[in-house]
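Quick note: the sequence shown uses this note's numbering, first residue 27, plus one each step. Idealized CB from N, CA, C, for every residue including glycine. Reviewing the structure listed below.
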Amino acid sequence: MPAISSTFDSQEPFLSELLRDIESGKIQLPDFQRPWVWDDVHIRALLASVSLSYPIGAAMLMQTGGDGARFYPRLIEGVELEKPPEPERLVLDGQQRLTSLYGALFCQNSVSTRDEKQKKLDRLYYFDLQKCLDPDADRLEAIISIPADRIIRADFGRKVKLDISSQEKEYEAGLVPANILLGTEFPTWRLGYMQHFQMDVKKINWITRFEQEVWMRLQQFKVPVIQLLRNTPKEAVCQVFEHVNTGGVALTVFELMTATFAADDFQLREDWDSRKECLHQHDILQDVGGTEFLQAVTLLSSYKRYHAGGSAVSVKRKDVLNLKLDEYKKYAKLIEAGFINAARLLNLEKIFNKPNLPYGTQFVPLAAVCAYIGKNFEKNTVRNKLKKWYWCGVLGEMYGGANESRYAQDIQDLIAWIDGQSNNEPRTIRDATFSPLRLLSLQSRQSAAYKGLMALMIQQGSHDFASGDPIAHTNGFNLPVDIHHIFPRAWAQEQDIERYYWNSIVNKAPLTSRTNRILSGHAPSIYLERIFKRNAVSEEDLEEILATHFIEPENLYEDNFDDFLLNRASELLDVIEIVMGKPVSGRDSEEVQEEFGGVL
Numbered sequence: 027m028p029a030i031s032s033t034f035d036s037q038e039p040f041l042s043e044l045l046r047d048i049e050s051g052k053i054q055l056p057d058f059q060r061p062w063v064w065d066d067v068h069i070r071a072l073l074a075s076v077s078l079s080y081p082i083g084a085a086m087l088m089q090t091g092g093d094g095a096r097f098y099p100r101l102i103e104g105v106e107l108e109k110p111p112e113p114e115r116l117v118l119d120g121q122q123r124l125t126s127l128y129g130a131l132f133c134q135n136s137v138s139t140r141d142e143k144q145k146k147l148d149r150l151y152y153f154d155l156q157k158c159l160d161p162d163a164d165r166l167e168a169i170i171s172i173p174a175d176r177i178i179r180a181d182f183g184r185k186v187k188l189d190i191s192s193q194e195k196e197y198e199a200g201l202v203p204a205n206i207l208l209g210t211e212f213p214t215w216r217l218g219y220m221q222h223f224q225m226d227v228k229k230i231n232w233i234t235r236f237e238q239e240v241w242m243r244l245q246q247f248k249v250p251v252i253q254l255l256r257n258t259p260k261e262a263v264c265q266v267f268e269h270v271n272t273g274g275v276a277l278t279v280f281e282l283m284t285a286t287f288a289a290d291d292f293q294l295r296e297d298w299d300s301r302k303e304c305l306h307q308h309d310i311l312q313d314v315g316g317t318e319f320l321q322a323v324t325l326l327s328s329y330k331r332y333h334a335g336g337s338a339v340s341v342k343r344k345d346v347l348n349l350k351l352d353e354y355k356k357y358a359k360l361i362e363a364g365f366i367n368a369a370r371l372l373n374l375e376k377i378f379n380k381p382n383l384p385y386g387t388q389f390v391p392l393a394a395v396c397a398y399i400g401k402n403f404e405k406n407t408v409r410n411k412l413k414k415w416y417w418c419g420v421l422g423e424m425y426g427g428a429n430e431s432r433y434a435q436d437i438q439d440l441i442a443w444i445d446g447q448s449n450n451e452p453r454t455i456r457d458a459t460f461s462p463l464r465l466l467s468l469q470s471r472q473s474a475a476y477k478g479l480m481a482l483m484i485q486q487g488s489h490d491f492a493s494g495d496p497i498a499h500t501n502g503f504n505l506p507v508d509i510h511h512i513f514p515r516a517w518a519q520e521q522d523i524e525r526y527y528w529n530s531i532v533n534k535a536p537l538t539s540r541t542n543r544i545l546s547g548h549a550p551s552i553y554l555e556r557i558f559k560r561n562a563v564s565e566e567d568l569e570e571i572l573a574t575h576f577i578e579p580e581n582l583y584e585d586n587f588d589d590f591l592l593n594r595a596s597e598l599l600d601v602i603e604i605v606m607g608k609p610v611s612g613r614d615s616e617e618v619q620e621e622f623g624g625v626l
């Protein structure tokens, strides 16, 4: 049996070696790492631990080069190199600790950090000789944080509490600069200190003991390092990074790909920003982000490869991470146009903005398909097929979980169906079902089917009770429209009607806030009379308006909630059957008759 090669090794280098490699640029960060954020207290606590030889946890590095992952590198904060070299290793875990130690113990410039209230600070760090040698002192108190000019002031800057702006003043204060302790400068500083206090045996003894008890610990301090080998694949690197880097926010695919493409001198974020500006002009596309855009590009690219005889269509995370730059450049413009056509389709279906969007996830396959079919999108027969697929996905609630497999399935099924390669409808259409009882459990706009049904009501021509204006027209002018109860809540509770019925979507309609104030908590018979009087609406006009909401006027005039529930549920199911292109089964079942009081 062949030996299985490892993807990593472990080492234990001296801290000074790691910081020296950071200083020279041999160790850098992958560009997807977020900025260094440690505050002053964290830095002091870390210095205290290292000076006592306490463990600070392992770091994880990754070798560069080879056939493995390639990421654009950047220097660790505080490192200044005119021409940074290609790094030999990148930091995957331990950035905060290594950056803090580099800034405090190695870098000659001040450290840009923050206090506990997030106020910006520029600090240099010092070890207090006496406190370091006091066995009863807390080591954290021996680590002193000093402003960059090395002067501590009080009384709004009018008084000087401590001035160590020269080496002689450092000697007098008994404060050793932290940033000389791992370089070559400490022996010189120590010699100067001894010459300054050549007649003071006690202070000479302090620096000797400090050298033995603190300086030697720092010199001998080792950091456990797990090192991923250079041929580790990108998806493994990203997975490992997110598992070990538990202190931060999980990275998005977009951030990882930004670093990947930057290694080939392509600025993905700039490219996306220009495309985002175009897409986000459409309200319905406001939530489309860089990750969704990359998913759509990957889906189209994967389908093209499959169609040319390649591997199966897939758009899992690893597939997006393996997207080639030339594929992105080839398909990004098509996908941008695909998203815009997808938005056009949804606007035609009276879905105008993101609060009323049933599924943002369904945009990914829809945009990829629209990108593939190009000008054929303008054909009415093609749009009708896309609409049927879309509504089956929404009302069948097919896009609520992990969707990558469905993306791959839908792009193949839809294109084959649209192009006439197959007479079979897409599996999303075949698998979608809607239960009549779902009408009662749709209680809030958190559900995709709830939002979809509201869009269908508007699409079918719902007019405002009071003004008579189509709600679609009202939405277009950004007038306040929301979902309101037809039989008001207060009235329904007075009649002891169960919430399950009066709060269901069957008892709701899109109306303006002005009309809702007229409805208030009154019985329908009362508020219809008020609408009739206030707006000079004829009885015939009012009945036509109610009909646009699938409401039988007589049920409202007579405050007959039971008949209203049965009749309106039946009307809504008829609309659902039309847009899904298939019958809703169970409309005459005993369970349905028991819940609704009749056959739907």
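Annotated three-state conformation of Gln486 is coil, per DSSP. If you draw a straight line from the Cα of Gly83 to the Cα of Phe212, it comes to about 27 Å.
Assignment of Leu55 by DSSP, reduced to helix, strand and coil, places it in the strand class. Per DSSP, the beta-bridge partners of Ile169 are Phe153. As DSSP reads the structure, Ser36 sits in a beta bridge with Ile252. Distance from the Cα of Ile523 is smallest, within the candidate group Glu103, Tyr98, Phe622 and Asp313, for Phe622. Leu208 carries a coil assignment under DSSP once its states are collapsed to helix, strand and coil. The C-beta separation of Asp585 from Ala549 comes to about 5 Å, placing the pair in contact by the 8 Å criterion. Non-local C-beta neighbours of Ser136 in its own chain, meaning closer than 7 Å and more than five positions away in sequence, comprise Asp148, Arg149, Leu150 and Ala174, ordered along the chain.
In this structure Leu127 touches Leu41 by the C-beta definition: roughly 7 Å separates them, less than 8 Å. Straight-line measurement puts the Cα of Asp290 at about 20 Å from the Cα of Arg60. Residue range Ile177 to Ala180 is occupied by the beta strand (DSSP E) that includes Ile178. The continuous beta strand (DSSP E) containing Gln89 extends over residues Ala85 to Gln89. Nearest neighbour of Ile544 by Cα position, chosen from Tyr526, Pro514 and Gln521, turns out to be Pro514. The criterion of a C-beta distance shorter than 9 Å is satisfied by Val610 and Glu603. Going by DSSP, Lys145 is part of no alpha helix (DSSP H) at all; its letter is neither H nor E. DSSP places Pro203 inside the beta strand (DSSP E), whose first and last residues are Leu201 to Pro203.
Assignment of alpha helix (DSSP H) within the stretch 284 to 363, counting only whole runs of 4 or more residues, yields 294 to 305, 316 to 333 and 343 to 347 in chain order. By the C-beta criterion, the stretch 365 to 379 is judged not to be in contact with the stretch 444 to 456, since fewer than 3 inter-stretch pairs fall below 8 Å.
Val63 and Gln122 have their alpha carbons spaced roughly 7 Å apart. If you look at Ala71, you'll find it in the alpha helix (DSSP H) that goes Asp66 to Ser77. Contact between Leu347 and Glu261 holds: their C-beta atoms lie close to 5 Å from each other, under 8 Å.
Its chain contains Phe280 and Trp298 as the residues whose beta carbon lies nearer than 7 Å to that of Gly316, once the 5 sequence neighbours on both sides are disregarded; these appear in chain order. Straight across, the Cα-Cα distance linking Asp181 with Ala199 is about 21 Å. DSSP places Lys229 in the uninterrupted alpha helix (DSSP H) bounded by Val227 to Phe236. Each residue's CA atom was taken as its position, placing Ala573 and Asp436 some 36 Å apart. Around the CB of Ser191, fewer than 16 other CB atoms lie within 10 Å, so the residue is classed as exposed. The alpha-carbon of Asp160 is positioned some 36 Å away from that of Ser36.
By the Cβ test, the stretch 419 to 431 is in contact with the stretch 368 to 385, since at least three Cβ pairs between them sit closer than 8 Å. Following the DSSP letters along the chain, one finds Lys414 inside the alpha helix (DSSP H) bounded by residues Asn406 to Leu421. Secondary structure of Val625 (DSSP, three-state): coil. The three-state reading of DSSP puts Arg216 in helix, counting H, G and I together. Under the three-pair Cβ rule at 8 Å, the stretch 232 to 247 counts as touching the stretch 64 to 77.
About 5 Å separates the beta carbons of Glu362 and Arg301, which is inside the 8 Å limit, making them a contact pair. Taking a C-beta distance under 9 Å as the contact criterion, Met88 and Thr258 qualify as a contact pair.
DSSP places Ala394 in the helix class (H, G or I) of the three-state scheme.
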